[in-house]
Ligand SMILES: [Zn+2]
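Residue numbers (our numbering): 18 to 151.
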């Protein structure tokens, strides 16, 4: 993908994202956890207990943060965890941005209530990024 393709892809992404209401966004620090399956086996039960204790049995509030976030861990509530490789250098991409549909503040809905995720290459910011809806 050339740089020109990257800009074209970016404009396609914006077609699916509606801007949130003015003054509805604010930054808050948070502790983000990976999906339990990507943790070492000895840590998985502790995180699963934490998820069960905080979600009220209905949802995962720990590894699927209801909001927009910069960085952190990607959610894997629809599929098993996956690794996206940079198409330029093969490095594993890292999560840059998530726009979740269940954020009541922004009222933005992505696709069929999915999460829009943008992954970038940590080796070189000029390398192509990956966008998906999970
Ligand atoms: Zn790369």
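For each residue, glycine too, the CB sits at the ideal point set by N, CA and C.
None of the values given here were measured: they were computed from a predicted structure.
- Counting along the chain, no beta strand (DSSP E) covers residue 68; the unbroken alpha helix (DSSP H) around it starts and ends at 61–71.
- At a threshold of 7 angstroms, residue 141 counts as near ligand 1, since its beta carbon sits closer than that to one of the ligand's heavy atoms.
- Residue ranges of uninterrupted beta strand (DSSP E) with 3 or more members, entirely inside the region 87–134 and ordered along the chain, are 111–117.
- For residue 147, the enclosing beta strand (DSSP E) begins and ends at 147–150.
- Taking a 10 Å sphere around the C-beta of residue 86, we find 16 or more other C-beta atoms and assign the residue as buried.
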